[in-house]
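**Student:** Residue numbers (my numbering), protein chains in the order written: chain A, 2 to 390; chain B, 784 to 926. Using N, Cα and C, we set each Cβ at its ideal position, and we do this for glycine too.
Encoded structure:
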């Protein structure tokens with residue numbers, strides 16, 4: 002059985018108030034990925050469309066989007082796993098190719114979020130948790146992550162300033178990313194101003210600057226079988242390992258809050274499949290929807306020991322020049338987080354790194370890159386390891 | 784012919800209920816009597832909170848109710864100063880998990896406890912109460 006490659010990637014700018022429809026937004030990522038792969042619609046055998054459906058008036062968005070992209074009559078399917086929808090799409094695309102059903106599969110993720118207010122978004126996101134037993138207490142994503150941060154602080158002595166350092170790094174690189182929604186510098190001083198957007202309290206211990214912004218955006222990843230990739234693409238990037246796992250939605254059903262068990266499980270599956278360990282990874286994109294989520298990723302992926310995450314950001318080992326560069330595209334904290342598009346955007350960054358096309362954020366000749374994409378509060382995890390050879 | 788009555792007791796739970804019908808709707812009647820209840824599988828003895836109608840461990844659906852008594856340990860918490868739509872007027876409030884050992888309970892702490900007095904590991908107890916709108920809920924009080 003041959004391998005599976007990524008032969009093209011694209012994403013729209015991530016913005017507030019995208020002036021168009023979900024079809025038009027999807028087209029932007031599709032066009033960039035098709036140009037990148039230098040192929041035509043005749044090369045595409047099937048498509049997978051990914052988003053979180055509660056933001057759309059359109060039911061079954063795969064149909065209208067495929068019509069708009071001219072991809073009928075090829076088969077299409079729709080998938081969602083909250084914020085990890087498009088890496089779940091990648092997993093499905095990989096399976097379709099591995100099974101021999103299709104040779105080239107296009108995975109498209111999208112989300113338009115800014116047509117509803119932030120409070121309404123929090124209500125919808127809160128309903129990504131258990132609506133019977135937890136949402137009636139007024140839950141929301143920042144508060145769930147805050148509960149996890151609180152537990153990590155109590156056990157390991159992490160501080161609010163450690164969390165702020167994650168945002169400072171994100172902003173350092175976000176300023177370089179012309180597709181990011183937030184491109185201003187962020188300093189520790191800004192976190193000390195409780196009246197400001199960055200320093201204002203949201204859910205203790207998290208402040209405004211610890212949270213990513215909602216955004217509108219799309220992403221596109223084109224997969225091919227080994228045989229077709231070698232015909233179509235000069236610089237294929239190979240899927241070396243693909244690991245997934247799930248965890249209970251109810252916090253009451255979890256036995257610890259100092260990390261995400263499903264990410265740890267998914268990572269160990271991905272490393273095993275790729276035949277490598279954390280120390281082989283040269284560059285990573287992790288799901289930093291909140292600063293604490295990036296600290297958890299350092300530990301869950303094995304870049305640091307449990308409790309050692311804060312030291313990694315303090316020592317700047319996760320900067321471009323460090324031992325394991327993380328989120329050099331600015332991460333979700335800078336790019337914004339259009340739920341269904343985020344995983345594809347992370348994959349795009351790592352593919353560009355492995356192809357040597359990452360521009361100002363290019364690390365030196367990486368061999369292996371890793372993508373960590375989570376859905377909900379550690380409910381779903383997809384870890385993907387990509388390689389040049 | 785009269786329309787069959789729908790057992791929608793669950794809509795009385797919490798500040799905003801998103802579920803009206805559940806096979807553990809008796810939970811609401813117990814709350815009404817001041818009792819916070821979980822379920823225990825009468826076949827394998829597993830304790831469940833939140834209560835469930837079906838046991839995934841032994842694939843039996845014969846549950847018995849048990850009361851959440853004594854104290855639990857505060858496992859984690861967060862005080863919200865920003866709320867999702869529908870909860871704004873209750874700000875600030877603190878959501879938390881109490882660990883009772885064999886099960887855990889998700890809820891809110893008593894608003895009378897200042898947030899700075901909360902510490903992970905402190906002993907607390909669950910107590911049934913009403914929301915400002917008179918719906919049924921429970922809070923965690925200092926033990």
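1. Look at the alpha carbon of residue 914/B and the alpha carbon of residue 822/B, and state the distance between them as a whole number of angstroms.
2. Is the shortest distance between the beta-carbon of residue 334/A and the beta-carbons of chain B less than 8 Å?
3. Answer yes or no: does any C-beta atom of chain A fall closer than 8 Å to that of residue 856/B?
4. Here's the rule: buried if 16 or more other CB atoms are within 10 angstroms of the residue's CB, otherwise exposed. What is residue 225/A?
5. Report buried or exposed for residue 109/A, applying the criterion of at least 16 other Cβ atoms within 10 angstroms of its Cβ.
6. Are three or more beta carbon pairs between the stretch 221-239 of chain A and the stretch 26-36 of chain A nearer than 8 Å?
7. For a quick check, are the C-beta atoms of residue 854/B and residue 907/B less than 8 Å apart?
8. Below 8 Å between beta carbons: does that hold for residue 864/B and residue 326/A?
9. Excluding the 5 residues flanking residue 353/A on each side, which residues of the same chain have their C-beta closer than 6 Å to its C-beta?
10. How should residue 844/B be labelled, buried or exposed, when 16 other C-beta atoms within 10 angstroms of its C-beta is the threshold for buried?
11. Considering residue 824/B, what are the terminal residues of the beta strand (DSSP E) in which it resides?
12. Mind checking which residues open and close the beta strand (DSSP E) that includes residue 221/A?
13. At a CB-CB cut-off below 9 Å, which residues of chain B make contact with residue 376/A?
14. Spatial neighbours of residue 835/B within its chain, please: CB distance less than 8 Å, with the 5 preceding and 5 following residues excluded, ordered by chain position.
15. What number of angstroms, rounded off, separates the C-alpha of residue 889/B from the C-alpha of residue 849/B?
16. If you count every other CB in all the chains shown that lies within 10 Å of the CB of residue 29/A, and 16 or more means buried, which is it?
17. Expressed to the nearest angstrom, what Euclidean distance is found between the alpha-carbon atoms of residue 267/A and residue 290/A?
18. State the start and end residues of the unbroken beta strand (DSSP E) segment that holds residue 214/A.
19. Give me the Cα-Cα distance between residue 923/B and residue 303/A, rounded to the nearest whole angstrom.
20. Taking C-beta to C-beta, are residue 336/A and residue 181/A nearer than 8 Å?
21. For the stretch 88-117 of chain A, which segments carrying the beta strand (DSSP E) assignment without a break, of at least 3 residues, lie completely within its bounds, in sequence order?
22. Please report whether the beta-carbon of residue 307/A lies at a distance below 8 Å from any beta-carbon of chain B.
23. Pick helix, strand or coil for residue 1/A, following the three-state DSSP scheme.
24. With H, G and I counted as helix, E and B as strand and the rest as coil, what does DSSP make of residue 42/A?
25. At the level of alpha carbons, what is the spacing between residue 252/A and residue 795/B?
26. Residues in its own chain within less than 7 Å of residue 13/A by CB, not counting five upstream and five downstream?
27. What runs of the alpha helix (DSSP H), each 4 residues or longer, lie entirely inside the stretch 300-346 of chain A?
28. Mind pulling the alpha helix (DSSP H) runs of 4 or more residues that sit fully within the stretch 251-288 of chain A?
29. Give the single residue among 255/A, 378/A, 250/A and 388/A whose Cα lies nearest to the Cα of residue 885/B.
30. Which residue spans inside the stretch 118-200 of chain A form an unbroken alpha helix (DSSP H) run of at least 4?
31. Against chain B, which members of the stretch 126-142 of chain A pass a CB distance test of less than 7 Å?
32. Could you compute how far the alpha carbon of residue 84/A sits from the alpha carbon of residue 347/A?
33. Residue 6/A and residue 162/A: beta carbons closer than 8 Å?
34. Using 8 Å as the threshold, is the stretch 376-387 of chain A in touch with the stretch 228-245 of chain A, meaning 3 or more CB pairs across them?
35. Taking only beta carbons into account, state which residues of the stretch 225-246 of chain A come closer than 8 Å to chain B, listed in chain order.
36. Which word fits residue 116/A, buried or exposed, when buried means at least 16 other C-beta atoms lie within 10 angstroms of its C-beta?
**Tutor:** Taking the structure as given:
1. Translated into the one-based positions of the second chain, residue 914/B becomes position 131. Translated into the one-based positions of the second chain, residue 822/B becomes position 39. Each residue's alpha carbon lies about 24 Å from the other.
2. Locating residue 334/A in the first chain gives position 333, where the first residue counts as 1. Chain B, which has no Cβ nearer than 8 Å to the Cβ of residue 334/A, makes this no.
3. For the purposes of this step, residue 856/B is identified with residue 73 of the second chain, where counting begins at 1. It does not: the Cβ of residue 856/B has no partner Cβ on chain A nearer than 8 Å.
4. Here residue 225/A refers to the residue found at position 224 of the first chain. Around the beta-carbon of residue 225/A, 16 or more other beta-carbon atoms lie within 10 Å, marking it buried.
5. Residue numbering aside, residue 109/A sits at position 108 when the first chain is read from its first letter. Answer is buried; the Cβ neighbour count reaches 16.
6. Result yes; three or more Cβ-Cβ pairs closer than 8 Å.
7. Working through the second chain from its first residue, we reach residue 854/B at position 71. Working through the second chain from its first residue, we reach residue 907/B at position 124. In contact: residue 854/B and residue 907/B (Cβ atoms closer than 8 Å).
8. By one-based count along the second chain, residue 864/B stands at place 81. By one-based count along the first chain, residue 326/A stands at place 325. Pairing residue 864/B with residue 326/A gives a Cβ-Cβ distance that is not under 8 Å.
9. Here residue 353/A corresponds to residue number 352 of the first chain, with the count starting at 1. Within the same chain, 359 come within 6 Å of residue 353/A by CB-CB distance, once the 5 residues on both sides are set aside.
10. Locating residue 844/B in the second chain gives position 61, counting from the first residue. Around the Cβ of residue 844/B, a 10 Å sphere holds fewer than 16 other Cβ atoms; the residue is exposed.
11. As a first step, residue 824/B is located in the second chain; it is residue number 41 there, counting from the start. Unbroken beta strand (DSSP E) run through residue 824/B: 820-824.
12. For the purposes of this step, residue 221/A is taken as the residue at position 220 of the first chain. Element bounds for residue 221/A: 218-226.
13. Your numbering for residue 376/A matches position 375 in the first chain. Under the 9 Å cutoff, chain B gives no residues; its nearest Cβ is about 19 Å from residue 376/A.
14. Stepping through the second chain from its first residue, residue 835/B is reached at position 52. Annotation for residue 835/B: 807, 822 and 846 place their beta carbon closer than 8 Å to its own, counting only its chain and skipping 5 residues before and after.
15. By 1-based counting over the second chain, the position of residue 889/B is 106. By 1-based counting over the second chain, the position of residue 849/B is 66. Residue 889/B and residue 849/B: Cα-Cα distance of roughly 17 Å.
16. To locate residue 29/A, count along the first chain from 1; it is residue 28. Buried: at least 16 other Cβ atoms inside 10 Å.
17. Here residue 267/A refers to the residue found at position 266 when the first chain is read from its first residue. Here residue 290/A refers to the residue found at position 289 when the first chain is read from its first residue. Separation of residue 267/A and residue 290/A (C-alpha to C-alpha, rounded to the nearest whole angstrom) is 18 Å.
18. Along the first chain, one-based indexing puts residue 214/A at 213. Where residue 214/A is concerned, there is no enclosing beta strand (DSSP E), given that its DSSP letter is neither H nor E.
19. In the second chain, the residue the question calls residue 923/B occupies position 140. In the first chain, the residue the question calls residue 303/A occupies position 302. Straight-line Cα distance between these residues: approximately 36 Å.
20. If you number the first chain from 1, residue 336/A lands on position 335. If you number the first chain from 1, residue 181/A lands on position 180. Between residue 336/A and residue 181/A, the C-beta gap is smaller than 8 Å, which places the two residues in contact.
21. Within the stretch 88-117 of chain A, the complete beta strand (DSSP E) segments at least 3 residues long are 105-112, listed from N- to C-terminus.
22. Your numbering for residue 307/A matches position 306 in the first chain. Closer than 8 Å: no.
23. Residue 1/A lies beyond the stretch modelled for chain A, which goes from 2 to 390, so this question has no answer here.
24. By 1-based counting over the first chain, the position of residue 42/A is 41. It is helical.
25. In the first chain, the residue the question calls residue 252/A occupies position 251. In the second chain, the residue the question calls residue 795/B occupies position 12. Their backbone Cα atoms lie some 22 Å apart in a straight line.
26. Residue mapping note: residue 13/A aligns to position 12 of the first chain, counting from 1. Cβ-Cβ distances below 7 Å link residue 13/A to 26, 29, 30, 218 and 219 in the same chain, with the five nearest sequence neighbours on each side left out; the list follows chain order.
27. Taking only runs of at least 4 residues, the alpha helix (DSSP H) segments lying wholly in the stretch 300-346 of chain A are 310-315 and 332-336.
28. Taken in chain order, the unbroken stretches of alpha helix (DSSP H) that lie wholly in the stretch 251-288 of chain A and span 4 residues or more are 262-275.
29. As a first step, residue 885/B is located in the second chain; it is residue number 102 there, counting from the start. Out of 255/A, 378/A, 250/A and 388/A, 255/A has the C-alpha closest to the C-alpha of residue 885/B.
30. Positions of the alpha helix (DSSP H) runs, each at least 4 residues long and wholly inside the stretch 118-200 of chain A, are given as 119-127, 142-157, 161-175 and 189-192 in order along the chain.
31. Of all residues in the stretch 126-142 of chain A, the ones placed with a Cβ closer than 7 Å to any Cβ belonging to chain B are 127, 128, 132, 133, 134, 135, 136, 137, 138, 139, 140 and 141, in chain order.
32. Position 83 of the first chain holds residue 84/A. Position 346 of the first chain holds residue 347/A. Going by the C-alpha atoms only, they are around 12 Å apart.
33. Mapped onto the first chain, residue 6/A falls at position 5. Mapped onto the first chain, residue 162/A falls at position 161. Taking the C-beta atoms as reference points, residue 162/A is found no nearer than 8 Å to residue 6/A.
34. Three or more beta-carbon pairs drawn from the stretch 376-387 of chain A and the stretch 228-245 of chain A are found closer than 8 Å, and the two stretches are therefore classed as touching.
35. So nothing in the stretch comes that close.
36. Counting from one through the first chain, the residue named residue 116/A turns up at place 115. With fewer than 16 Cβ atoms within 10 Å of its Cβ, residue 116/A is classed as exposed.
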